[in-house]
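Per the numbering used here, the sequence shown starts with residue 1225, numbered consecutively.
Quick reminder that beta carbons are idealized off the backbone N, C-alpha and C, glycines included.
Owing to the predicted nature of the structure, the values given are computational and were not obtained by experimental measurement.
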Amino acid sequence: MKKIVITALVLLMSAGAYAAGDKSKTITAKSYGDKWQFTFEKGELICSTGIVVLKNSKDGKVYALNGMANALADSGRKLGKSPILNNKAVTKPDPQVAGYQMSTVDIMMEGRDLCN
1225 MKKIVITALV
1235 LLMSAGAYAA
1245 GDKSKTITAK
1255 SYGDKWQFTF
1265 EKGELICSTG
1275 IVVLKNSKDG
1285 KVYALNGMAN
1295 ALADSGRKLG
1305 KSPILNNKAV
1315 TKPDPQVAGY
1325 QMSTVDIMME
1335 GRDLCN
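Below you can see the structure in the form of structure tokens.
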């Protein structure tokens, strides 16, 4: 795992913005309805060399969605010029489980599918 993270870091640091092989798509709160997990309305779901992130369309901030992205966020790394941030600050509370945030697994899996 450590070797994968280091390789990902090298690839990200060598990329000025997003790498040519990155895949992305726009997703919106409207298309997800009540299942939308985030406090913002629209984002760009990005898979970059196995790193899945969501870029807030309004402010350009990039949020980690999978383990590799979280490792990069924890170490202060960037995707292009944008720091990768932990998604907890923008994940809505779970309406069914008091004290917990909504799961971001569905959108993370959708982002992972972009890589395939």
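Threonine 1328 sits close to leucine 1289, with the two beta carbons spaced by under 8 Å. Taking C-alpha positions only, serine 1306 is separated from glycine 1284 by approximately 8 Å. Residue state for lysine 1254 is assigned as helix, using DSSP reduced to three classes. For alanine 1288, the uninterrupted beta strand (DSSP E) segment begins and ends at 1286-1288.
Within the same chain, Cβ atoms closer than 6 Å to the Cβ of glutamate 1268 are found at Ser1248, Thr1250, Lys1279, the five residues on either side in sequence being excluded.
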